Amino acid sequence: MSVPRQQSAGPQALESSAIAWVIGALCMTLLPHAPYLPVWTLPMFLLTSGWRFWIAMHGGELPSRWIRLALATAGFILVYTSQRGINGVAAGTTLLVVMIGLKMLETRTRRDNILLLVLAYFLILASFLREQGPVLAAYEALATWAVTTSLLQVTRHGRLLASREALRIAGQFMLQALPVMLVLFLLFPRIPGPFWALPKASGAGVSGLSEEMSPGTLAQLSLSDEVAFRVNFVGQSPPTSRLYWRGPVLDKFDGRNWSRSNWSALPADMASLAYQGPATDYTVSLMPNGKPWLLALDLPSQPLPPNARLNRQLQLVSLKPVNDRLSYTLRSYLDFQTLGPLSKRETNTYTYLPEGSNPRSQALARQMRGQAAGNADFIQAVLRKFNQEPYVYTLTPRLLDMRHPSDDFLFNTREGFCEYYASSFAVLMRAAGIPARIVTGYQGGEANPFGDYMVVRQSSAHAWTEVWLQGQGWTRVDPTAAVAPERIELGLPDSLRLGDPMPGGLMRSVAILADIRMAWDLANARWDEFVLGYGPELQMDLLSRFGLNMPSPVQLVLVIFALVGGFLLLLTLYLARHYRPQTRDRALVLYRRFIKKLAKAGYDTPMYESPKDLANRIGRQHPRIQGQLNLVVDSYLIARYRKTDRYELALEQLRKAVQDFKP
Amino acid sequence: MSQANTGAVNSAENLALLDTALATLNRIILDKDRQLRLAVACLLARGHLLIEDMPGVGKTTLAHALARIMGLSYQRIQFTSDLLPADILGASIFEQDSQRFRFHKGPVFTQLMLADEINRATPKTQSALLEVMEEHQVTADGETFPLPEPFFVVGTQNPTSHIGTFPLPESQLDRFLMRISLGFPGQALERELLKGNDRREMIAETAPVLKTEQLLALQKLVPGIHISSALLDYLQALVLHTRQLPQLAPGMSPRAAIALMRAAQAWAMIHGENAVLPEHVQAVFPGVAMHRMAVTDYSSSPDEQARAIIEAVAIP
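Just so you know, the protein sequences line up as chains X and C, in that order.
For the first sequence, position 348 matches number 348 in the working numbering, and the numbering has no gaps at all.
For the second sequence, position 173 matches number 173 in the working numbering, and the numbering has no gaps at all.
Set out below in structure tokens:
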């Protein structure tokens, strides 16, 4: 063959523009991984792909096999040592990216380009192992478009399409695939639990709550805007000031640090709980927090969600850590009482203060208790002290002297946030012999005007105190309310003073931005609920609306086949209707039949050979069929190429000749 | 010899006339039947012919013989680097007797002009020739002088690698309907040549086969050769394919496509067909198409490349 075809074996055979498309698509798919990869990975990828592009532009040899082998080995060792192995999402992605970079250096043929683009699709898939938000999904849809366009370009024979045209065609492909995608998404048999459930890296799940609390060491209050959970109330939601979402209870104090005692491991004595007043029904959609903590409005009643129970400290806990979004429905009573006496051991725990810790606080407590008429009066006195003396609520307090943090806070700094007040209050209570403990959780929530639900963010994390009073049981006392009532009345965000760092920054100060923020949260909530949360229950619910009651997986697969098949059939019919060649030349159909007969009999019938040349060539080799060949070809030429007013006759002759033709 | 029959598209008389002409040509130039037919087809399609080959393979003989047998007046101009446009077209000269300028017609005023070694002339002279090839007339001092009909230029050109040449760009080569090359003479011809049978004498002894009116009538018949839509499909597929090959960028122009069609019609006519068939297109394709495209691949000859293009396109 004298005219070189598109592909020859040389490394320069791949057009630089095709390489550029591949590199562009890979860069797009790499971007979401970038924050999780070791810093050297991306420069290395850019280096190797830049190298490959340079060769495509200016010619030159690709690195030899030995160099590539050495690079691959070095890359593997680098990944293995920096990631301590090659297991896990992070290490796996790193290895994949490094090897894609090195693969660039041996990209010679169209096949190599295709392989790289398939890997790009894989990178898109892998990005969802980390995060499944709507923004990422939208971005990856764009990336899929880019990769598909590149695939279209590199598989072309001859010149590449104009970018706009290629993008249009690839977009068309994706739109055509959309119905199939929807059918598969909605109907493919769902397994319980999210599809993406992978073993989470430890510590995953951001929480404003923790198992320990040491006021004064760090400004630990979470200012994160991340959503902790969302709540749907049945009917009117209670006022913000009454929304205390109960989390872990901290009752073990060593003078500086509050932590959880073993009492949390015991179940609650449900009989000792007396619920009063109206019930509040609501559904919580909890974000993963990595802990077995289910947030509930103080205080939830029976029936509790499956796999959940109340512990001795009245915290709602589940049997497993919450690593995926979890939705549960609860009934709570904002008014309740705990009946019965405390045991001796409990009293010991809740009144324990280490010997000699915070001596000034202890002295103060004893002095104030001595002046008070009773425990209730004493509590009021302490709250009055916080309210009337210059105590300040701030999110950025000075650090405390850790030898006696409560002393330092009460007598020197006098500034802090909920933890500071709750902690010192509890110290004072215990010093006066009143059982006290600290309850952490969230306080308040923001109603979303668009979606009739409430968002509780990590920045709403709160700590308050519970004291045990004779005849009343455990009673909530929130000393923060005494210092900064607006924190409780309005919720944290609206209560911050000038100069305090504001969660969400300026956002909240502009009404429109606040609306946008709420609308965005609604979008997120819907995404979580309907896309990520589309599990077996939602699926069955949806299907029952279409008259399919609890179909088996096999039935579902059959429905999928029927729908996808039907869609493809419609598409085929449409295309067949609109892309049919304009004239179906009957002579040509007959001639093709003739060619097929020849080919079947083992004759060579190249497509470019003119009918006459074909007849002459085969006729010369096989004079036996010369006459027949001429008969077919002559009538074919008359019907198709010559000027004739006896077309039908020629066609009839051709039909007969082809029919009779026996090679 | 009978009059060319203008009634029937391709009558037996016409066919006989052309056969005789070709047979006579074949007697003078041996073993070159295909090139001779292409040359005659080119003449019938009213195109100009470019012969590209080494010196001394009989380019001049072909042109001279063609003129003789087709009954055309003949002029030969040897192109050199100092040839001026006026040397071809003619010039206005002041006449003492009449006290005014009179246009003296140059050698271009002939029916068949051999422009020998066209690529030795300067681009200026080349373009003057190409212009007159297109216009079929010469304009001097505001006066227009039509060229005789038919007007047929046979240009010869040495391969561009030879020293002292101004190669014609594709845009000018486009003015030639066909480009052919003769190649070395066959063994028989070479022996004849060596035995001393002078071609020039033979030409002088040969009587013309056609009269000018007959040739003109035949030329008029060419556009009437039937072209079916099936054939146009094929022709377009072929043209489209050249446009998709990167090594031939940008491929055949619409003008080249029309040239291919006319040449195929003429080819069909000299083969006694009154409709163009795919093989006719294939036969003239290398001569018509290849010199119009920027060939960037010199590892194979234009004919071989043309063959590859033909073999890559299925006849629809």
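Ideal Cβ positions, reconstructed from N, Cα and C, are used throughout, including at glycine.
None of these values were measured; they are calculated from a predicted model.
Contacting residues, own chain, Cβ-Cβ under 8 Å from residue i (five flanking each side not counted)
i                : result
Arg325 (chain X) : Pro194, Ser285, Leu286, Met287, Pro288, Asp528, Leu532 and Gly533
Lys612 (chain X) : Val633 and Leu637
Gly92 (chain X)  : Ile86 and Ala126
Lys320 (chain X) : Pro292 and Asn307
Ala91 (chain C)  : Phe103, His104, Gly106 and Ala140
Gly119 (chain C) : Checking the sequence, you will find Asn at residue 119 (chain C) rather than Gly. Phe79, Gln126, Gln157, Asn158, Thr160, Thr165, Phe166, Pro167 and Leu168, listed in sequence order.
Arg655 (chain X) : Leu590
8 Å Cβ cutoff met for residue i and residue j
i                : j                : result
Ala230 (chain C) : Tyr647 (chain X) : no
Asn274 (chain C) : Lys643 (chain X) : yes
Gly155 (chain C) : Ser81 (chain C)  : no
Leu38 (chain C)  : Met178 (chain C) : yes
Arg242 (chain X) : Val249 (chain X) : no
Ser361 (chain X) : Ser301 (chain X) : no
Ala140 (chain C) : Leu129 (chain C) : no
Ala525 (chain X) : Gly451 (chain X) : yes
Val231 (chain X) : Val456 (chain X) : yes
Ser332 (chain X) : Leu310 (chain X) : no
Three-state secondary structure assigned by DSSP to residue i
i                : result
Glu304 (chain C) : helix
Val154 (chain C) : strand
Val154 (chain X) : helix
Asp269 (chain X) : coil
Tyr391 (chain X) : coil
Met1 (chain X)   : Confidence in Met1 (chain X) is poor, its pLDDT being 33 and thus under 50, which makes the residue's placement unreliable; the coordinate value appears in the next sentence. Three-state DSSP puts Met1 (chain X) in coil, outside helix and strand.
Asp298 (chain X) : coil
Asn375 (chain X) : helix
Glu135 (chain C) : helix
Val456 (chain X) : strand
Leu218 (chain C) : helix
Met57 (chain X)  : helix
His395 (chain C) : Not covered by the structure: residue 395 (chain C). The range shown for chain C is 1 to 316.
Ala484 (chain X) : coil
Ser11 (chain C)  : coil
Ala279 (chain X) : strand
Asn232 (chain X) : strand
Thr6 (chain C)   : Because Thr6 (chain C) sits at a pLDDT of 41, beneath the cut-off of 50, its placement in the model cannot be relied upon, and the following sentence gives the value as read from the coordinates. If DSSP states are grouped into helix, strand and coil, Thr6 (chain C) belongs with coil.
Arg624 (chain X) : helix
Interface residues of chain X facing residue i [CB-CB closer than 9 Å]
i                : result
Asn328 (chain C) : A query on residue 328 (chain C) cannot be resolved here, the shown segment of chain C reaching from 1 to 316 and no further.
Gln78 (chain C)  : The premise fails here: Gln78 (chain C) is roughly 35 Å from chain X at the closest Cβ pair, so nothing lies under 9 Å.
Ala230 (chain C) : Asp585, Ala587, Leu588, Arg640 and Tyr641
Nonlocal neighbours in the same chain, by C-beta distance under 6 Å from residue i, ignoring five residues either side
i                : result
Met402 (chain X) : Arg256
Lys211 (chain C) : Gly71
Leu95 (chain X)  : Val79 and Ile86
Arg46 (chain C)  : Gln219
Thr125 (chain C) : Leu83 and Pro85
Ser73 (chain C)  : Thr110 and Gln111
Leu123 (chain X) : Thr29
Within chain C, the residues that residue i reaches when beta carbons sit closer than 9 Å
i                : result
Tyr608 (chain X) : Pro278, Gln282, Ile310, Glu311, Ala312, Val313, Ala314 and Ile315
Neighbour list for residue i in chain C, Cβ cutoff strictly below 7 Å
i                : result
Leu637 (chain X) : Leu277
Phe612 (chain X) : The sequence as given places Lys at residue 612 (chain X); Phe does not occur at that position. Within chain C, the residues near Lys612 (chain X) are Leu277 and Glu279.
is_contact[residue i, chain D] using C-beta, thresh 8 Å
i                : result
His271 (chain C) : In the structure shown, chain D does not exist; the protein chains are X and C.
Proximal residues of chain X, C-beta to C-beta of residue i below 7 Å
i                : result
His226 (chain C) : Arg642 and Lys643
Close-in-space but distant-in-sequence residues of the same chain around residue i (CB under 7 Å, 5 per side omitted)
i                : result
Thr349 (chain X) : Asp251, Ser261 and Trp263
Met507 (chain X) : Any reading at Met507 (chain X) must be qualified, since the residue scores a pLDDT of 47, below 50, and its modelled position is unreliable; no value is offered.
Does the region 267-276 of chain X come within contact of the region 417-425 of chain X, defined as at least 3 CB pairs closer than 8 Å? no
Does the count of Cβ pairs from the region 182-200 of chain C and the region 231-238 of chain C closer than 8 Å reach three? no
Sufficient close CB pairs (3 or more, under 8 Å) joining the region 42-62 of chain X to the region 163-183 of chain X: Not touching, per the Cβ criterion.
Taking 8 Å as the threshold, find out whether the region 57-75 of chain C comes into contact with the region 307-314 of chain C through three or more Cβ pairs. no
For the region 143-154 of chain C and the region 273-290 of chain C, state whether three or more C-beta atom pairs, one from each stretch, are separated by less than 8 Å. Cβ pair count under 8 Å is below three, so no.
Tell me whether the region 141-153 of chain X and the region 22-29 of chain X touch, counting them as touching only if at least three CB pairs, one residue from each stretch, are closer than 8 Å. The region 141-153 of chain X and the region 22-29 of chain X touch, with no fewer than 3 CB-CB distances between them shorter than 8 Å.
Count Cβ pairs between the region 613-622 of chain X and the region 571-579 of chain X that sit closer than 8 Å; are there 3 or more? no
Could you tell me whether the region 280-295 of chain C touches the region 239-254 of chain C, using the rule of 3 or more Cβ pairs below 8 Å? Yes: the two stretches touch, three or more of their Cβ pairs being nearer than 8 Å.
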